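Chains as they are written, first to last, in the working numbering: chain A, 1 to 333; chain B, 1001 to 1333. Glycine is no exception: its CB is placed at the ideal position from the N, C-alpha and C atoms. All of these numbers come straight from a predicted model, not from anything done at the bench.
Protein chains: 2
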Amino acid sequence: MKNQKQIKNQKQIARELGISVATVSNALRGKGRVSASVIKLVTSRAEQVGYFPSAAGRALKTGRSNILGLVVPDITNAVFPKFAQGVEAEADKCGYGILIADSRGTQAGQNSAIRQLIQRGVDGIIVLPQRCTAPEVTSVPCAFASTPGDINNTVAANHIQGGQIAARALLDLGHRNFLLLGNDSESQVQKDRIQGMMEALEGIAQFEVCWTPDVFPDLVEKNKTGVTAILTVSDLLALRAVTQAERAGLKCPQEISVMGFDDLPLATAVRPTLSTIVPNTTELSKRLVAYLSAAIHRDVILPKPSLVDMSIILRESTGPVATHSPHSTRRLK
Amino acid sequence: MKNQKQIKNQKQIARELGISVATVSNALRGKGRVSASVIKLVTSRAEQVGYFPSAAGRALKTGRSNILGLVVPDITNAVFPKFAQGVEAEADKCGYGILIADSRGTQAGQNSAIRQLIQRGVDGIIVLPQRCTAPEVTSVPCAFASTPGDINNTVAANHIQGGQIAARALLDLGHRNFLLLGNDSESQVQKDRIQGMMEALEGIAQFEVCWTPDVFPDLVEKNKTGVTAILTVSDLLALRAVTQAERAGLKCPQEISVMGFDDLPLATAVRPTLSTIVPNTTELSKRLVAYLSAAIHRDVILPKPSLVDMSIILRESTGPVATHSPHSTRRLK
DNA sequence: CCAATATGCTTAAACGATTAACCAGATCGC
DNA sequence: GCGATCTGGTTAATCGTTTAAGCATATTGG
């Protein structure tokens, strides 16, 4: 019995049941006027033969593919996975699939990725912008998930506020002399995080900002000059700071506290585990998908960029400032 | 001047040029019989109005979407990004887009993800299987990128060989007493890696296998019993081993060598930088996409699973075994 | 009891690209 | 000079779904 005919479309179901394709379509979509009995008949038959509507056919007629594009500057960036997971889950809830594209770190790549996605028929695009590059005019709705300091921003994690709570947490622990570590002074995200830290420290504590694209500061030296807390813009930098410090005999957190950013998986794998600032990717994803969904259906266009606060996770790499004077030089031999 | 009419399709171009849509299609695709002059006319006009073929229209007619699905067990798994990047780049070269789906770590999730992708009209699917689960019968070609020990495997990184070269590198450095560290004894990938290590060590060196889902072994204790080298199944485990050892005053690599796996970004962020085993994701991606592409076009179906060798990167976390007896107890104060 | 409305379904026309089939005019072989 | 072939197109059908419009039959209001 050749029970599984290859072609399972509305036409086949219609023919088998002796009704028209329009009725099949209406019955399955719950539109038009179809009797309850026919609806039951059609749906059960569809279920039975394993029918599902052709994405291409539907897309052609409706002009919607139910697919969103996601453009990331660099997939291997450690922040990407959590974000992608959030977006994928949220999109899935709303009936959207996610088509990914890597902009390969350049503005040209970003534009070409966006064009490609449009040509593939996506209904909307979420862009994690590279260097705050201005979006080209596009024929589909586009959400830019950037940072507060980016003018093109649509929805963003509040990196400035993240920097602030990082600094405040260590102020609360008694620290008054900070080293602020970044590794890419061109990155708006990093600039915003550092800015937040500086805002919170200004007038209350001493601090020094250090951009370390290649050369890493001598932490023992810094500690001798009084630094007891290091605020970094990423868990990777925090990891480097912690391991470098411990290797040089500087105990973390007893002698020096280190704060990371992003809560990467490594944060709990390393000892001491890293205190860190974590973006609310779930909420971010929700707003991004909701924004696009609204824009696609031309319901409402939210005009102003919205910010999602970050939260803090205190683990082992941060602690109260040592009770003895932080300026004391320690065991000179 | 309303130069940019919204609708840019073949019909519009045909009308404007006074020719038929068939000729437009033929001219653009280089099929059929069209004079050189008309081809130039059509292509330049298409260029001018920014025409590109509708993905839905083409997909409907040709039955191909030029989109591949990618099912991953867990996007936040740190191995994913590099793999996704390779697949995306390779797919892009072949004219395919990548639709991602997260199987949320369960077999049910995996099956539902596959079904979803099929319903979205993908031409083929790449699956990173969860726990070596058997694939459902699918209506589209499916490539399983698993591990040598998986029976459903299509193309895989040779995790067994990876374990072997990890072990041999440390044997070459003089080590003869090993600790093998895994954290998920149900994972076929981890089992294969450990198996490779054991194969290389068997009869040559002493070793102990330790699965650490939660409790981590006391490395100082192990070192006292003679262990000088730790082989792990992941960079995260290696990171934990290194930092735990250094915290306990056990110098790496002077007193203990640690080998990671996968070459995650953290491998170069931590001090000492991690020696690690790195899969050739580029080659893997190439073979996977090539396999699917062939299967889609019903050209050739490669029958036997193929394996891609891994390579080793030696950094700071591994070194020659200490010249003094490894069994010596060290500075008991 | 008849017009108005509701119900349940069918017909047919899209959506945009592809492609088999056809056709007029030019060219060619012999 | 005439059938055969080639050239450069056109016509029309098709992919699978959606949806406006149409058309019976049944139901209701007054």
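For the pair residue 1147 (chain B) and residue 1102 (chain B), the CB atoms are not nearer than the 9 Å cut-off. If you look at residue 1277 (chain B), you'll find it in the beta strand (DSSP E) that goes 1275-1278. Between the region 1203-1213 of chain B and the region 1168-1179 of chain B, the count of C-beta pairs closer than 8 Å reaches three or more; the two stretches touch.
DSSP, reduced to helix, strand and coil, places residue 1214 (chain B) outside both helices and strands of the structure shown, so it counts as coil. Counting along the chain, the unbroken beta strand (DSSP E) around residue 1259 (chain B) starts and ends at 1257-1261. Here residue 1144 (chain B) carries a strand assignment [DSSP, helix/strand/coil]. A straight line joining the alpha-carbon of residue 1236 (chain B) with that of residue 1260 (chain B) spans about 8 Å. With at least 16 other beta carbons inside 10 angstroms of its own, residue 175 (chain A) counts as buried.
The three-state reading of DSSP puts residue 208 (chain A) in strand, counting E and B together. Per DSSP, residue 1183 (chain B) is not a residue of any beta strand (DSSP E), being assigned neither H nor E. If you look at residue 1038 (chain B), you'll find it isn't in any beta strand (DSSP E); it sits in the alpha helix (DSSP H) that goes 1036-1049. Residue 137 (chain A) counts as exposed, since fewer than 16 other beta carbons sit within 10 angstroms of its beta carbon. Distance from the Cα of residue 1263 (chain B) is smallest, within the candidate group B:1034, B:1118, B:1083, for B:1083.
Counting C-beta pairs closer than 8 Å gives three or more between the region 109-120 of chain A and the region 71-90 of chain A, which meets the contact rule. Only 1236, 1239, 1240, 1243, 1244, 1246, 1247 from the region 1223-1251 of chain B bring a Cβ to less than 7 Å from some Cβ of chain A.
DSSP places residue 157 (chain A) in the uninterrupted beta strand (DSSP E) bounded by 155-157. The beta carbon of residue 271 (chain A) sits closer than 9 Å to some beta carbon of chain B. Residue-level contact check: residue 1076 (chain B) touches chain A, since one or more beta carbons of chain A fall below 9 Å from its beta carbon. For residue 221 (chain A), no CB of chain B lies under 9 Å from its own CB, so it is not counted at the interface with that chain. The shortest C-alpha to C-alpha distance from residue 200 (chain A) to any of A:62, A:257, A:159 is the one to A:159. By the neighbour-count criterion, in which a residue is buried when 16 or more other Cβ atoms sit within 10 angstroms of its Cβ, residue 188 (chain A) is buried. In the DSSP annotation of this structure, residue 1017 (chain B) is not part of any beta strand (DSSP E); the continuous alpha helix (DSSP H) holding it starts and ends at 1010-1017.
By the neighbour-count criterion, in which 16 or more other beta carbons inside 10 Å mark a residue as buried, residue 1311 (chain B) falls on the exposed side.
The beta carbon of residue 1279 (chain B) is closer than 6 Å to those of 1157, 1310 in its chain, skipping five residues each way along the sequence. For the set A:15, A:119, A:39, the Cα lying nearest the Cα of residue 1052 (chain B) is the one of A:119. Contact check between the region 1031-1051 of chain B and the region 14-28 of chain A: fewer than three CB pairs, one atom from each, fall below 8 Å, which does not count as touching.
Of the candidates A:98, A:206, A:12, A:105, the residue whose Cα lies closest to the Cα of residue 48 (chain A) is A:12.
Where residue 30 (chain A) is concerned, there is no enclosing alpha helix (DSSP H), because DSSP gives it neither an H nor an E.
By alpha-carbon distance to residue 1185 (chain B), the top candidate from B:1060, B:1016, B:1214 is B:1214.
Here the region 1120-1131 of chain B makes contact with the region 1082-1099 of chain B; the two share three or more CB pairs at distances below 8 Å. Nearest to residue 1050 (chain B) by alpha-carbon distance, out of B:1314, B:1086, B:1008, is B:1008. In the three-state scheme derived from DSSP, where H, G and I count as helix and E and B as strand, residue 1229 (chain B) is classed as strand.
With respect to residue 1317 (chain B), residue 1275 (chain B) sits close: the two C-beta atoms are nearer than 9 Å. The residues 143, 154, 155, 302, in chain order, have a CB closer than 7 Å to that of residue 291 (chain A) in the same chain once the five nearest residues on each side in sequence are set aside.
Unbroken alpha helix (DSSP H) stretches of 4 residues or longer found wholly inside the region 1089-1134 of chain B: 1107-1119, given in chain order.
At least one C-beta of chain B is nearer than 9 Å to the C-beta of residue 54 (chain A).
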